[in-house]
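J.:
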Amino acid sequence: MAAQKSPPVLWCDFQFWAVIMAALLFLFGLYLLSDPATDLTWPFNFPKEFLLLVLVYPVLEEIVFRGLLQERFHCWISYQIPGLVSSSNLATTLIFTAMHFIYHPPLWAAAVFIPSLIFGYFKDRYQSLKAPIILHIFFNAGYFLIFFNP
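Those letters in the sequence shown? Residues -4 to 145, by my numbering.
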């Protein structure tokens, strides 16, 4: 029986940095296409709201969705869907996306599907919440900095 290969160190992981770069390009494209009339200094005027949206909520969501649900689903339905997505990641992503329909317009709620799969992929890859939390904070910071008007 061959030993299972451990994932690379997060900060040296090409896939991690590729996701960061793709997110930057995507957010920049959204910014150019949507031309939001946003004051990019709003986090300084509303630091509590910014910290909740960018730090507290992503950490809590990752603990609940990737730390609890994805782990539980992994125990119940553990098989790999062709490609890079586990069944536990897909099940968690469907619930994560559905929950976003409560507080977000339908298009924006649906838009969390792909990032959620990415967060779940890194949870599976590292068997840790560190990468999903970092990515979720990064994604939220970019999104809310550009598109949120308190």
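We put the CB at the ideal spot given by N, CA and C, even for glycine.
Count the CB pairs spanning the stretch 61 to 70 and the stretch 92 to 108 that are closer than 8 Å, and state whether there are at least three.
T.: Judged by Cβ distances under 8 Å, the stretch 61 to 70 makes no contact with the stretch 92 to 108, as fewer than three pairs qualify.
J.: Rounded to the nearest angstrom, how far is the Cβ of Pro100 from that of Glu57, given a contact under 8 Å?
T.: Residue numbering aside, residue 100 sits at position 105 when the sequence shown is read from its first letter. Residue numbering aside, residue 57 sits at position 62 when the sequence shown is read from its first letter. Contact doesn't hold; Cβ gap of about 23 Å is too wide.
J.: To the nearest angstrom, report how far apart Ile132 and Ala17 are at their CA atoms.
T.: Position 137 of the sequence shown, counting from 1, holds the residue named residue 132. Position 22 of the sequence shown, counting from 1, holds the residue named residue 17. Near 15 Å, if we compare the C-alpha coordinates of Ala17 and Ile132.
J.: Taking Phe117 as the reference, give the member of Leu48, Asp30, Gly137 and Ser81 with the closest Cα.
T.: Within the sequence shown, residue 117 is the residue found at index 122, counting from 1. If we check each option's Cα against that of Phe117, Ser81 comes out closest.
J.: Using the three-state DSSP reduction, which class does Ser1 fall into: helix, strand or coil?
T.: To locate residue 1, count along the sequence shown from 1; it is residue 6. Three-state DSSP puts Ser1 in coil, outside helix and strand.
J.: Judging by CA-CA distance, which residue of Leu130, Gln122 and Asn144 is the nearest neighbour of Ser1?
T.: Indexing the sequence shown from 1 puts residue 1 at position 6. Minimum Cα distance to Ser1 is reached at Gln122.
J.: With a CB to CB cut of under 8 Å and the five nearest residues on each side skipped, what residues in its chain are close to Tyr138?
T.: Within the sequence shown, numbered from 1, the residue matching residue 138 stands at position 143. Answer for Tyr138: Leu22, listed in chain order.
J.: Quick check on Asn144: does DSSP put it in helix, strand or coil?
T.: Taking the first residue of the sequence shown as position 1, residue 144 is located at position 149. Here Asn144 sits in coil by DSSP.
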